[in-house]
Amino acid sequence: MRTYYIFVSGRVQGVFFRANTVKKAKKFGIKGWVRNTKNGKVEILAQGSEKNIKEFFKWLEKGPLLAKVADLKIEEKDLNQIFKEFERK
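Start counting the sequence shown at 1008; every next residue gets the next number (the numbering used here).
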């Protein structure tokens, strides 16, 4: 299982980005969380198999219909914590 911190910027708040991220994460079997940041970005911690994470990243590059993703920063992390579900914070 791999773990990533992801920061999504652009028009990503107020466009149901977090709600749709939760749906897609569950579809791809991704565990972790998603939240808005004070500087207008969306922050995600995602854990999953390499195949499923790659599919999740592809979706994040575009996001939901009303979003306009300008940038996606992805950092792989060593994390001892294992998440059991994906939630919106």
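Glycine included, C-beta positions come from ideal geometry on N, C-alpha and C.
When the five nearest sequence neighbours on each side are left out, the beta carbons in the same chain lying within less than 7 Å of the beta carbon of Lys1048 are those of Phe1014, Val1015, Ser1016, Val1019, in order along the chain. Taking the C-beta atoms as reference points, Lys1084 is found nearer than 8 Å to Tyr1011. The beta carbon of Glu1094 sits closer than 6 Å to those of Trp1040, all from its chain and outside the five residues before and after it, given in chain order.
Straight-line measurement puts the Cα of Leu1067 at about 11 Å from the Cα of Ala1077. As the crow flies, the alpha-carbon of Asn1046 is around 22 Å from that of Leu1072.
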